[in-house]
Every structure is written in structure tokens, then in C-alpha cells.
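Colleague:
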Amino acid sequence: MSKNMLDGGQVIVDYLVREKVPYVFGLCGHGNIGFLDALYERAGDIKTVSVHHESVAGFMADVYYRVCGKPTATFTSCGPGSANLPIALANSYLDSVPFLAVTGNVPTAQFNRGAFQELYRQYQADYPSTVRAYCKRVFQPTRGDMVPLAIRQAWKTMVTGRPGPVVLDVPFDIFKEAAAEETPKPEEWNANISCRCGADPAGVSKAVDMLLAAQRPVILVGQGVKYGGAAADLLKVVERLRIPVAWSASGTGAIDAHHPLALGLVARNGPYQANHAARTADVLLALGVRFDDRTSSSWLPGYSFTIPPTKLIHVDIDPDEIARNYPVALGLMADVRTFLQQVLAELDCRDGVGDAAAARAKWLATIDGHRREWNAYIAPGFADDASPIHPQRAAHEIDKVLPDDAILVSDIGVHHNWLIQFCHSRRPDSLIGSMGFGPMGFGVAGVLGAQFAAPERPCVSVCGDGAFLMHASVLGTAVEYDLPVIWVVWNNFAYASIRGLQRGYLDGRELATDFRHPRTGAPYNPDFAAMARSAGIDGVNVDRPADLSDALRTALAARRPYLINANIGADKNPGGAGVWELPGLGQSQPAFGGRYRPQ
Ligand SMILES: Cc1ncc(C[n+]2csc(CCOP(=O)(O)OP(=O)(O)O)c2C)c(N)n1
Ligand SMILES: [Mg+2]
4 MSKNMLDGGQ VIVDYLVREK VPYVFGLCGH GNIGFLDALY ERAGDIKTVS VHHESVAGFM
64 ADVYYRVCGK PTATFTSCGP GSANLPIALA NSYLDSVPFL AVTGNVPTAQ FNRGAFQELY
124 RQYQADYPST VRAYCKRVFQ PTRGDMVPLA IRQAWKTMVT GRPGPVVLDV PFDIFKEAAA
184 EETPKPEEWN ANISCRCGAD PAGVSKAVDM LLAAQRPVIL VGQGVKYGGA AADLLKVVER
244 LRIPVAWSAS GTGAIDAHHP LALGLVARNG PYQANHAART ADVLLALGVR FDDRTSSSWL
304 PGYSFTIPPT KLIHVDIDPD EIARNYPVAL GLMADVRTFL QQVLAELDCR DGVGDAAAAR
364 AKWLATIDGH RREWNAYIAP GFADDASPIH PQRAAHEIDK VLPDDAILVS DIGVHHNWLI
424 QFCHSRRPDS LIGSMGFGPM GFGVAGVLGA QFAAPERPCV SVCGDGAFLM HASVLGTAVE
484 YDLPVIWVVW NNFAYASIRG LQRGYLDGRE LATDFRHPRT GAPYNPDFAA MARSAGIDGV
544 NVDRPADLSD ALRTALAARR PYLINANIGA DKNPGGAGVW ELPGLGQSQP AFGGRYRPQ
């Protein structure tokens, strides 16, 4: 190698440094020691964080981005090391979160020979096939001089348009092969690209016409508003037009839940005022939301939405999501922030905006009536002092204690359903969850990424007992990197969300969904608090609501890693005004109200 040449690993690392990536998260293996060597040289510029399971690295990179809006990278070895990553890739892909996965592969000279850890039976070094459905794009440079092109293109693909994770699959020798004298410069290739495309101007004008003429308008916001940085402009539009705002689970926090125009979650377990406003709206403006089955009551009309007759205006950066599930009166491909700015500019040119806003009084009063009915319905759950802790009470205690700047990262399961209903997010990153792929472990591990992204803010994971045990290696990582994260293990001694389905739909024919002692048959779990203590982390057990809030206050004040094992009742599911029906399992009824049938 010429003295001035950088090798493949050095080019990748130098590019990451130029993109100001502060951390790479990953796990070693023989397949990536060349990359680690390049990271070693630049240890002063980019910090390498070593974890104990590859999916943990992916979930960390994911939540890091969700908190601070900056993509990072992961590193995993060839074969099994990278085979542990697809769950995290898919999670980020479906939730449109970018990170760069640098995966090792076998040496090019050994392609197709069945070398140790090579996937070779269908095609040589075939990791790309493994993850093709799990990420936005895979690049596999097979010569050193292909690396500069691959890294700059991988980065661009990851961050432009609808963001998503990209895989850079690098054979063993390429990390150490001469690649280039210079690394591509982000300021030439990526820094000056904007994807903040506005909507077609005629479409903006038509959207404003529809909103001004509407009697019962609702705005529905999704993740595109949060990660598109559109929350401030959303608020301006909403207050100017006095249109109430509902959200999908992924849109939680796009508007402060305490705002008088905030309706709440639209979903099976969404409150009456949110589902009912959305399903009776005459015009629904949907921003950066993709109408999945959880948001849409399995697309059954009259629970979450009734489109038509509701006229849908659907705005999204990805036209593939427009008219996927509902017909549109107006579909606009646009970055939601730019679109909202276009709407504001258009409103400046219109007469009668104030009148339209004033005419909203009746609609808002009707909604307030629904809100009061709903609040009366849920009131008893807040006062329940039972042990094990009533789940609604648990969510409420957590919500009450967390300061406004806290980041709550939820895992997947029934606890998530309770949290999205009963926590009142003030900021776009107050409550982070996964709604696309929904992998257990997302919140257990993601909270570590949150803490790296926001070292000064309280970072709390609320996770199921099932998921915590699956990913308990995080305890070690929190200690090794001195991360003052808090885990609240929502311990219901079961894969309770799935057992709830068996109970609700399968006549209680329960199998493989709870944890029991083989001899006594009593509910069983390892002692999570003791596990934490064995790792050098404070761990406590609580089984009363007030003890949960006290423990959380203590943990927040401690500023060191903490685990609260909370004994929480498993017999209740969070009811709402929507449904979630799985084909073949029969009809489901909303816990509150019925189906809306337009006249
Ligand atoms: C990796 C993974 N495996 C299986 C599932 C299916 N699943 C969804 S929720 C759930 C139960 C989770 O149990 P727990 O973590 O205890 O949470 P709970 O529902 O009890 O709150 C399961 C098994 C999943 N989403 N992800
Ligand atoms: Mg559980």
C-alpha cells in the first residue's frame, strides 16, 4: 500500500468522523477486527461503544437518532454477529429511522468456498440477501477502491427522502485493502442536499380551501411531524385555524398533550374524544402518518376513521404511503414541515381565517363533552390502590413523577399500550416507542442510546418482564459506560399482551404465555432487582402504587443506573373507543361507545 493510501476501514471511519458521528455501537468478531483497528486509530475523534448483543447496538443507534436527530453507525462481525442485527434494522426501517450498519463479511478470496461463517449455499457472501427486506439498501464493496463510493452513497441513501437504515457489508480484506488517498467530503456529496420538498402550490391552495370550509376538521399527526422537525409549525397552523389534533402512537408528543386542542391517541385504546372526532370529521388532514392497523382499528370503518365520507388530505414525504389504505380527496407528496409553512403563507393571503377559526366553537364544545364522558369512565383506575399495581395506576404514577425533560423509552407489550394512553407527552421525544416492527428489546436497549444522545436528561425504560430477561445484558453496558438509565420492569409474570389475546379470543386456552415455577405453579421470574445488584446497579422491588412513584423519584435523584422491579397486575387491558381485530378471531367490541355509522 502506498504510504498515502487509506485502507477501506480508514475511509469508512474518516467519513464517519467527517459526518460528525460521535459514537459507533457494536460487537466484535474476527470479521470486523480490521474496522476496529481503524476505529482504534481515531479513538480521539469517534467513540467506540461495545455491547453484549448486536441487536442492542442497533436499538441504541435507533433511539440515539430519535432523540437528537443525528444518525450513528453500528459494527458487527460476519456470520452470526451480523445475523443478530436484522431485528434492529427492520425496526428502524419500518419506523423510518436511519443508521449505518457496517457489517463484516468473509474475505473476497474465500467467497463461495464455504469459509467459516460464510452464507454461501445460494450465493457467495450472501448477507445482503439476508437483510434485503430489512433495510433501505445494501452496499457491498468488493475492492478497496470501491469503498469511497459505497460509503458516500450509503450515507446519502440513508438520510435522504424517507430515511432508513442502510447496510455497508464489507468483506474482511477490504477493511485493510488500499482504498483511496482521500475520503469523500460530506460537504461535496451530502451536506448540501435538501429533501424539504414542498407540496404542489395548487394542492396547498386546495388544502387550505378544504380546511377553511370544514365544519368538523381534525388534524392527525404521525412520526413524520416529530422526526421531520415540524412540531413548531404544526402548533402555529393548529392555533391559527383552531383545529383539534389527534395522533397515531408514533405521533405521540408532536403536540403537547396538555394543549387545549390536543385530542389524544387514535387507536383501539385511544380515548373517546380522539377516536370519535377522527371518525366523525368532515375533513381529516393527515400529516406524516401511515394509517397502520393499530391506528385505524384494523381499517374497520366507524371506529377510528370513516373515510369516506370523511374527506382525507394526506401529506407524506413518501408517496407510497398515500392512498395505501384509504382513498384520498387530496394526496400531497411533501415534507410535512415545508407543507405546514406553505399553509401558513397561504393563510396570510386569505380573508376570513379568523371567522373560520371562530366558527369552530361548536365543534370544540362537542369534543369537550366527549372528553368529559371519557374522563369519567377512566377516573376509577387512577384511584385504585391495589397490589399488584393496577396498570393504569402504574402508568399514571410514572407520568406524574417524570420531569418534563425526561425521555421515556417503552418496550413492546401491554405496558406500551397503557403508557401511550396514560402518559402525557410534552415534547416530541418524551415517549419513544416502536410501532412498525415492534421488536421486544427495543426499549430495554434503546434507553442506552437515549442516554448517549441526551447525557443530562433523565432516561427511563419501561419494559416488560419478558423483554427485560431477553436483553438483560444491558445491565453490564450501563455500568461499563456509566449511563444513569433507569429500567422500570413492568413485571406481570407473563407475555401478557399475548396471553390477553388467548383470554380474549381463544376461550382462555393459555399456552406458553406465562412464567411459572415448575413445582409450585406459582408465578415465577428471576429476581430482577437482585440481577441488577449483581451487576453493580441499584435494584428495588415495589408492589404498591405509592412505592412505585417513590422509587422512581429516588432513582431519578440518584443519577446512576437503577432498576425498579414493579409487580403490576396482568388481568386488565387498556380499553378505548377503537378496536383491533385479527382476521379469523371473531369480532371485537370497543370498551367505550360503539361503532359510528354516518347518516
Ligand atoms: C422479539 C419478539 N418476539 C416476540 C414478539 C411477540 N410479542 C409481542 S408482545 C409480547 C409479550 C411481551 O411480554 P413482556 O415483555 O413481558 O411485555 P407485556 O406484554 O407482558 O407487558 C410478545 C411475545 C415480539 N414482538 N418481539
Ligand atoms: Mg410481561
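Each residue of the sequence shown is one higher than the one before, counting from 4 in the numbering used here.
Yeah, the Cβ is synthetic: ideal placement off N, Cα and C, and Gly gets one too.
When you measure from the CB of residue 493 to every non-hydrogen atom of ligand 1, does any distance come out below 8 angstroms?
Modeller: Checking every heavy atom of ligand 1 against the Cβ of residue 493, one is found closer than 8 angstroms.
Colleague: With residue 497 and residue 461 assumed to form a contact (beta carbons below 8 angstroms), what rounded beta-carbon distance in angstroms separates them?
Modeller: 28 angstroms between Cβ atoms; not a contact.
Colleague: Which first and last residues belong to the alpha helix (DSSP H) in which residue 480 is found?
Modeller: From DSSP, the alpha helix (DSSP H) with residue 480 extends over 477-483.
Colleague: Could you tell me the alpha carbon to alpha carbon distance between residue 215 and residue 284, rounded to whole angstroms?
Modeller: Taking the straight line from one Cα to the other gives about 14 angstroms.
Colleague: Could you say which of 259, 28, 16 lies nearest to residue 56 if we only look at CA atoms?
Modeller: Nearest C-alpha to residue 56: 28.
Colleague: Using a 10 Å radius around the Cβ and a threshold of 16 neighbouring Cβ atoms, would you call residue 119 buried or exposed?
Modeller: Exposed is the call here.
Colleague: Which residues in the same chain as residue 193 place their Cβ atom closer than 6 angstroms to its Cβ, once the five residues preceding and following it in sequence are excluded?
Modeller: Result list for residue 193: 158, 159, in chain order.
Colleague: Which residues share a DSSP beta bridge with residue 317?
Modeller: Paired residues: 289, 334.
Colleague: Quick check: is any heavy atom of ligand 1 less than 8 angstroms from the C-beta of residue 573?
Modeller: Yes, since a heavy atom of ligand 1 falls inside the 8 angstroms radius drawn around the Cβ of residue 573.
Colleague: Under 8 angstroms from any heavy atom of ligand 1, does the C-beta of residue 603 make it?
Modeller: Not covered by the structure: residue 603. The range shown for the chain is 4 to 602.
Colleague: Under three-state DSSP, which class holds residue 499?
Modeller: Helix.
Colleague: Is the separation between the beta-carbon of residue 288 and that of residue 222 shorter than 9 angstroms?
Modeller: The answer is yes: Cβ separation under 9 angstroms.
Colleague: Just how far apart, CA to CA, sit residue 446 and residue 568?
Modeller: C-alpha separation (whole angstroms): 15 angstroms.
Colleague: Less than 9 angstroms between the C-beta atoms of residue 62 and residue 94, yes or no?
Modeller: Their beta carbons are under 9 angstroms apart, which means residue 62 touches residue 94 by this criterion.
Colleague: For residue 507, which of helix, strand or coil comes out of DSSP?
Modeller: Reduced to three states, the DSSP call for residue 507 is helix.
Colleague: Go ahead and pull the three-state DSSP assignment for residue 50.
Modeller: In this structure, residue 50 counts as strand in the three-state DSSP scheme.
Colleague: Can we say the region 325-335 touches the region 222-231, given the rule of at least three CB pairs closer than 8 angstroms?
Modeller: Contact between the region 325-335 and the region 222-231 is absent, because fewer than three Cβ pairs lie under 8 angstroms.
Colleague: Report yes or no: do the region 223-237 and the region 337-351 share at least 3 C-beta pairs separated by less than 8 angstroms?
Modeller: Because the criterion of three Cβ pairs below 8 angstroms is met, the region 223-237 and the region 337-351 touch.
Colleague: What do you get for residue 200, buried or exposed, if any count of 16 or more other CB atoms within 10 angstroms of its CB means buried?
Modeller: So residue 200 counts as exposed.
Colleague: Quick one: grab the DSSP three-state call for residue 107.
Modeller: The answer is strand: DSSP assigns residue 107 an E or B state.
Colleague: Taking 8 angstroms as the cut-off, is the CB of residue 496 close to at least one heavy atom of ligand 2?
Modeller: Indeed, a heavy atom of ligand 2 lies less than 8 angstroms from the Cβ.
Colleague: I need the straight-line Cα distance from residue 513 to residue 502, nearest angstrom please.
Modeller: Near 7 angstroms, if we compare the C-alpha coordinates of residue 502 and residue 513.
Colleague: Using C-beta distances below 8 angstroms, list every residue in its chain close to residue 592, excluding the 5 sequence neighbours before and after it, in chain order.
Modeller: Closer than 8 angstroms at Cβ, skipping near neighbours: 582.
Colleague: Please identify the residue among 86, 110, 443, 112 whose C-alpha is closest to the C-alpha of residue 104.
Modeller: With distances taken between Cα atoms, residue 104 lies closest to 86.
Colleague: Note down, in chain order, each residue of its chain lying with its Cβ closer than 8 angstroms to the Cβ of residue 525, except the 5 sequence neighbours on either side.
Modeller: Once the five neighbours on either side are set aside, the close Cβ partners of residue 525 are 519.
Colleague: Among the candidates 187, 585, 32, whose CA atom is the shortest distance from the CA of residue 11?
Modeller: The residue with the shortest Cα to Cα distance from residue 11 is 187.
Colleague: Considering only residues of the same chain and omitting the five flanking positions on each side of residue 148, which have a CB-CB separation below 7 angstroms?
Modeller: Excluding residues within five positions, the ones whose Cβ falls inside 7 angstroms are 182, 183.
Colleague: Could you compute how far the alpha carbon of residue 274 sits from the alpha carbon of residue 127?
Modeller: Cα-Cα distance, rounded: 52 angstroms.
Colleague: Would you check if the distance between the CB atom of residue 594 and the CB atom of residue 580 is smaller than 9 angstroms?
Modeller: Closer than 9 angstroms, so yes.
Colleague: Within this structure, are the beta carbons of residue 480 and residue 451 separated by less than 9 angstroms?
Modeller: Against a cut-off of 9 angstroms, the Cβ pair of residue 451 and residue 480 comes out as a contact.
Colleague: Taking the beta strand (DSSP E) that residue 224 belongs to, which residues open and close that run?
Modeller: Element bounds for residue 224: 220-224.
Colleague: Taking only three categories from DSSP, how would you classify residue 174?
Modeller: The answer is strand: DSSP assigns residue 174 an E or B state.
Colleague: Any heavy atom of ligand 2 within a distance shorter than 8 angstroms of the CB on residue 469?
Modeller: Indeed, a heavy atom of ligand 2 lies less than 8 angstroms from the Cβ.
Colleague: By the three-class DSSP mapping on this structure, what secondary structure does residue 77 have?
Modeller: Strand, per DSSP.
Colleague: Does the beta carbon of residue 286 fall short of 8 angstroms from some heavy atom of ligand 1?
Modeller: No.
Colleague: Do residue 245 and residue 348 count as a contact pair if the criterion is CB distance below 9 angstroms?
Modeller: Taking 9 angstroms as the Cβ cut-off, residue 348 and residue 245 do not qualify as a contacting pair.
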